[in-house]
Every structure is written in C-alpha cells, then in structure tokens.
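Residue numbers are given in our numbering: position 41 of the sequence shown equals residue 41, and the series is strictly consecutive.
Accompanying notes for the structure given below.
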Amino acid sequence: MKNRILLILICVISLLQGCSKEENSSNYSYTTAELELVEKVVLGEKEYFNPSSASVTYKSTDSLHSFMSNGGVIRTYDSKGSLIRLFDKNALENSYEYPGSLPTAFDFTERNLFLFFGGTPTVFVVDEKDSIVDRINLKLGENHWIQRAPYLEVNNNKELIYISIANIDSELSENNFFSKSSLIGVFNFEGDLLETFGKFPKEYESSGKFSRGNPFRYYQYLKDKNTHYFLFDIMDEVYMYNENKKNWDTINIKARVRSYDFEESNIPFFSKQSLNKATNDVYHFISHNPSNNKLYIGTQRLLEKHPNKDDFLLIISPKEKSIKEVNLTKYFGIQYHALMPSTIASDTLTFFLASPFSDKVHLIKTTLK
1 MKNRILLILI CVISLLQGCS KEENSSNYSY TTAELELVEK VVLGEKEYFN PSSASVTYKS
61 TDSLHSFMSN GGVIRTYDSK GSLIRLFDKN ALENSYEYPG SLPTAFDFTE RNLFLFFGGT
121 PTVFVVDEKD SIVDRINLKL GENHWIQRAP YLEVNNNKEL IYISIANIDS ELSENNFFSK
181 SSLIGVFNFE GDLLETFGKF PKEYESSGKF SRGNPFRYYQ YLKDKNTHYF LFDIMDEVYM
241 YNENKKNWDT INIKARVRSY DFEESNIPFF SKQSLNKATN DVYHFISHNP SNNKLYIGTQ
301 RLLEKHPNKD DFLLIISPKE KSIKEVNLTK YFGIQYHALM PSTIASDTLT FFLASPFSDK
361 VHLIKTTLK
C-alpha cells in the first residue's frame, strides 16, 4: 500500500513539473549544419523532357537512380548520369497489353520494373526488353483498395510486395476513413494478401485534421530491412513497426527550437471545398542510415508564422539525442525540392533535385561540415 501511495505521489509531482512528451523532446540538442559539395551530376543532360512530376517518384538502388516523369515515363540512370533504361508505354508496340491508364507507382531491380497502373489491382513485371514477364493480380480483401497515389515497395528476395491501401467501406464517410484504414498491405508474388498493418494516428480520425487540403498522400513510408517507418505530416513522431508488424516504438522528432505545428483546416476531408493555400508544414522524405541509426527527414515550412517557405533537412540521432538542421533552399534554390534515397550507407549524402521550372534533373553529392 505504501509503495502504491509513493508511486502516485511521484506521478503527481511529475505532472506538476510538466513532464510531458513534448518537454522530453527538448532533451535533444539542436544545432544547424552546413553542406559541402562533393559532386554534381545532371541526369539526361542531352535529353529534353518535362520532369515536373519526378519530385515524388524518385527511387535509388546501389548506383542506379530512377524516377517517373510526366506521362508515366520511367527513366533509369547510372551514377554518371547516362540513361540505361527508358519505359514509355505509349511508345511501345505492345502498349495494348497494358491498362489504358498510366503508371502511378513503380519499383525496380537491375533487370525488372514493377509497375502499378491506376484503376487496376495488378502489378506488371517488365523485363529489360519491355516485355511483360509476369502479371501479379493483387487479391485485395473485400473492403480494401489501393490508394490513389500509392507507395509501392518490392522485396525481390522474399518475393513480397508492399503497397499502401485504404478501406473502401469508409471512403465515402468523412468520420471513419482514417480509423478503419490500414496503412500497408503485404502481398506475395501470387497476389495473395498476407496481412495488413499500421494505423493512422488518432489525430487523423476527426474530420478536417489533415495537412494538405484534400490529400492524396498522408504519410511518408520507409522500409529498411525488417523495420517499417511512417512519418505523418501533422505528427512530430516517427512510428516504427518491427518484423511482427506491431507498433513497438516511436522517435520524437520535435526539435527544441523549431516545431512541426498543425492547424485545423475546419474543412471536412471529403468536402468539395478546398484550401486557398497550404497552411501546414509537410514532409518530403524519410531516409535511414543503419550503420549509425540516424534518420534523415525532409520538411518544408508552410505556416504563415514562419519567416520563409524553405526546405530543411533534419538529421536525427536517437542514440545521441541530437538534431541537426540544414537549410536546403540555401543551397539548391527555392524551385527545387530535394529528395534522398531511402537507405544511406555512408557519410556522403545524395540529393535528387527536380523542379517544374527546369528541364534538368540533378544528383548532388555532399557531406556535412
């Protein structure tokens, strides 16, 4: 009984002292950092194309870099900027074998492309000669469908497909879409749905609680080995799921000086009414370095109370309880939104730069100083 009373007194004292998760985040040391240019490569320097949509489709594996430009055209380059693969459905003799829509998501290996087209639950596997070598018909559950702008990740060794899904039973209801929908569906190469996992934070479950007007993406997703990371626009935490898909940890990313505020739009999610302009901070990417367990997060400041709308890179070390911030706009200009590969294996950081105001796509290699 005495121990229970003592425990209650400790909890009360902690509350009176304001021992909250937000204050715990102030235990992180906060510093700014600078970049030093190592190398700059122009992808497709002798080509002309409109890469304006590439800023949301960049994928990298080893020394290969791939992205989707306007018209669902997928381009893959080596580290020197030479084009080694081009997939353009409309230019193919066998284009009739594909759906009438354009690709909305892709992943790739050295030999094959994995393509997902809007409006159909099929992943097409395409070889180097642009021939369809497999069609994986995803057997969605009765209440599931693919999100409009899906994340697609393929584990070729384990023959697994990870794709973002939604609950169609709640799609026309503004109150239960987020509470019913999982985040990721896991399929094998036969198309069987093995499991779903992940859930939206409770802050999403009320109407109007989202950060991009009527959003087509709610979060950034990263799979690194057996860990799954989710970064939601309105949250100041990274949600981590282990191999068993249980929500087992969170990492607070709220820096001591800067914060990632959310302001309610008061516009229901499925309303036709839209915001005049963006009113909240948003995230562009999440990357991870397994060698030092550091997270790299790209964010843009959009709230009016912030002095500018610059892009920033956050380098977060949970072990060292430190957060470094780099102003990317200072280096790359306001028209570029920088992305990074999902996994970082060295101290050299590679940034992918694309802009609707430029017909060139760049790879920038830098180090911190």
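Cβ coordinates follow ideal geometry from the N, Cα and C atoms, glycine included.
- According to the DSSP secondary-structure assignment, methionine 68 is paired through a beta bridge with Ile74.
- Annotation for arginine 85: Thr76 place their beta carbon closer than 6 angstroms to its own, counting only its chain and skipping 5 residues before and after.
- With fewer than 16 other Cβ atoms inside 10 Å of its own Cβ, tyrosine 96 counts as exposed.
- Per DSSP, leucine 328 is one residue of the alpha helix (DSSP H) stretching across 328 to 332.
- With fewer than 16 neighbouring CB atoms inside 10 Å of its own CB, glycine 119 falls in the exposed class.
- Pairing glycine 71 with leucine 115 gives a Cβ-Cβ distance that is not under 8 angstroms.
- The beta carbon of aspartate 78 sits closer than 7 angstroms to the beta carbons of Ser63, Leu64, Ile84 from its chain, once the five residues preceding and following it are set aside; these are given in chain order.
- Annotation for lysine 59: the continuous beta strand (DSSP E) segment containing it runs 59 to 61.
- Phenylalanine 351: member of the beta strand (DSSP E) spanning 349 to 354, first to last residue.
- Taking the C-beta atoms as reference points, isoleucine 316 is found nearer than 8 angstroms to isoleucine 253.
- DSSP places asparagine 289 within a strand segment (E or B) once states are collapsed to three.
- Rounded to whole angstroms, the Cβ separation of asparagine 112 and valine 123 is 11 angstroms, and the two are not in contact under 8 angstroms.
- Beyond the five residues adjoining it in sequence on each side, valine 73 comes within less than 6 angstroms, by CB distance, of Asp88 in the same chain, given in chain order.
- Contact between glycine 191 and asparagine 137 is confirmed by a C-beta separation of about 5 angstroms, below the 8 angstroms threshold.
- If only complete runs of 4 or more residues are kept, the region 164 to 200 shows the alpha helix (DSSP H) at 177 to 180, in order along the chain.
- Assigned with DSSP and collapsed to three states, lysine 202 falls in helix.
- With respect to the C-alpha of isoleucine 161, the residue from Thr366, Pro150, Ser291, Ser346 having the closest C-alpha is Pro150.
- Per DSSP, the unbroken beta strand (DSSP E) holding leucine 363 starts and ends at 361 to 368.
- Looking at the DSSP output, phenylalanine 357 shares a beta bridge with no other residue.
- Per DSSP, reduced to three states, the secondary structure at glutamate 97 is helical.
- By a beta-carbon distance limit of 8 angstroms, aspartate 359 contacts asparagine 50. Their separation comes to about 7 angstroms.
- In the three-state DSSP reduction, alanine 345 falls in the coil class, being neither helix nor strand.
- By the 16-neighbour rule on beta-carbons within 10 angstroms, proline 290 is exposed.
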